[in-house]
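Asks: Just dropping this structure here.
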Amino acid sequence: MTGNLNDRIVPETEPLSHAVVVAVAEQKGVDPLDLNERLYDCIDPDALDALFTAAGQDACGTVQFFMAGCQVEVSAQRRVTVEQFHEEPSTAEARV
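The sequence shown: position 61 = 61 (the working numbering), numbered continuously.
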């Protein structure tokens, strides 16, 4: 991994699915439309948005997945963290 993180809290007014795509694109230095993988290839965007909607400050939990060569973590506090890998993880590693 590069060690560089893209980490931010997403406002309630922005869908988490949109924030993930923007964060991954920023981490890779490309336009969101130029990403080599789409969010829906990795996780159901509607399910991601619904999972932490109005979760509140007492909510807990995280979702982790790989997208476009990046490890993505989304927390119940609406924190999106993206870290880019130098190499793509294997399919087996991405599913663990």
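All residues carry an ideal CB built from backbone N, CA and C; glycine is no exception.
1) Look up Q77 in the DSSP assignment and say whether it is helix, strand or coil.
2) Which whole-angstrom value describes the C-beta separation of V10 and V80, a residue pair presumed to lie in contact below a C-beta threshold of 8 Å?
3) Would you check if the distance between the CB atom of L48 and the CB atom of V63 is smaller than 8 Å?
4) How long is the line joining the alpha carbons of P32 and D58, rounded to whole angstroms?
5) Would you give the residue range spanned by the beta strand (DSSP E) that D49 belongs to?
6) Which term fits A25, buried or exposed, when burial requires 16 or more other beta carbons within 10 angstroms of its beta carbon?
7) So what does N36 bridge to, in DSSP terms?
Replies: According to the structure data:
1) coil
2) 6 Å
3) yes
4) Roughly 32 Å between the two C-alpha positions.
5) Looking at the DSSP string, D49 is not in any beta strand (DSSP E); the run it does join, the alpha helix (DSSP H), is 45 to 51.
6) When all chains shown are included, A25 counts as buried.
7) None, per the DSSP bridge assignment.
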